[in-house]
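Going by numbering that gives the first Met the number 0, 177 is the number at position 178 of the sequence shown; the sequence numbering is gapless.
The C-beta atom is built at its ideal place from N, Cα and C for all residues, glycine as well.
Owing to the predicted nature of the structure, the values given are computational and were not obtained by experimental measurement.
These notes concern the structure reproduced below.
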Amino acid sequence: MAISLLPFLIVLSSAAVSFGTSDTLDLTLPPTLTESQVATHFKAWANKGTARAFLKAHNELRANFGVKPLRWDRSLARTARHWAYKMHNACSLTHSQSHYGENLFVGQGKWTIKEAVDEWAKEKNNYHWKDNSCNANKMCGHFTQMIWAQTEAVGCAKIHCNATFIFITCDYYPGGNIHGHWPVKNHQKFVH
């Protein structure tokens with residue numbers, strides 16, 4: 000069984016003090032592998048740079064809103080990896096129904112981790128700080144989950160699916176987007 004270094008990427012764990020470049024590792028895996036075989040390949044080919052890339056993208060946004068940085072969580076990364084594995088054939092924006100907060104992304108072509116996470120962050124333009132709501136027919140929940148002040152940890156996975164798409168899932172603990180609560184305590188300073 001040949002494994003190339005393109006396109007099945009999975010993120011395992013790392014808590015890094017400094018952030019380097021977004022050095023990601025991609026693996027091409029045949030669709031006939033069992034889940035345990037996939038897990039074995041992930042352990043052998045995991046790259047700490049992927050965790051750093053996810054953390055950096057999230058924590059740069061959180062810093063803009065005065066929210067403490069997230070830490071990388073191995074258990075959340077495993078949960079994300081498990082869901083990504085299940086989605087690698089469907090490549091659909093189907094939530095896992097886990098008890099964590101969850102953001103999903105599907106994009107065609109080559110997307111870096113930062114570019115995909117920045118797509119979630121762009122939803123800040125759809126969010127109304129004054130009344131804690133989204134613009135009509137627009138999404139903002141990915142953004143609010145990313146900056147949710149009570150969220151402390153994140154774990155993510157990125158895979159290539161259907162040959163030309165990528166699927167990213169990030170799980171958050173504790174989950175955010177709790178009805179009736181603002182994502183940050185000092186939300187009034189962001190009201191325009």
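- Judged by DSSP secondary structure, Asn136 falls outside any beta strand (DSSP E); it is assigned neither H nor E.
- Here the segment 115 to 125 does not lie against the segment 178 to 185, with fewer than 3 beta-carbon pairs under 8 Å apart.
- Under the three-state reduction of DSSP output, Thr143 falls in the helix class.
- Distance between Cys139 and Gly108, taken at the CA atoms: about 24 Å.
- Counting along the chain, Ala120 sits inside no beta strand (DSSP E); it lies in the alpha helix (DSSP H) bounded by residues 112 to 120.
- Counting every other CB atom within 10 Å of its CB across the protein chains shown gives Thr168 a total of 16 or more, marking it as buried.
- In this structure, the beta-carbon distance from Gly154 to Trp71 falls below 8 Å.
- Lys85 counts as exposed, since fewer than 16 other beta carbons sit within 10 angstroms of its beta carbon.
- Only buried fits Ile146, as 16 or more other CB atoms lie within 10 angstroms of its CB.
- Bridge pairing for Asn102: Cys169 [DSSP].
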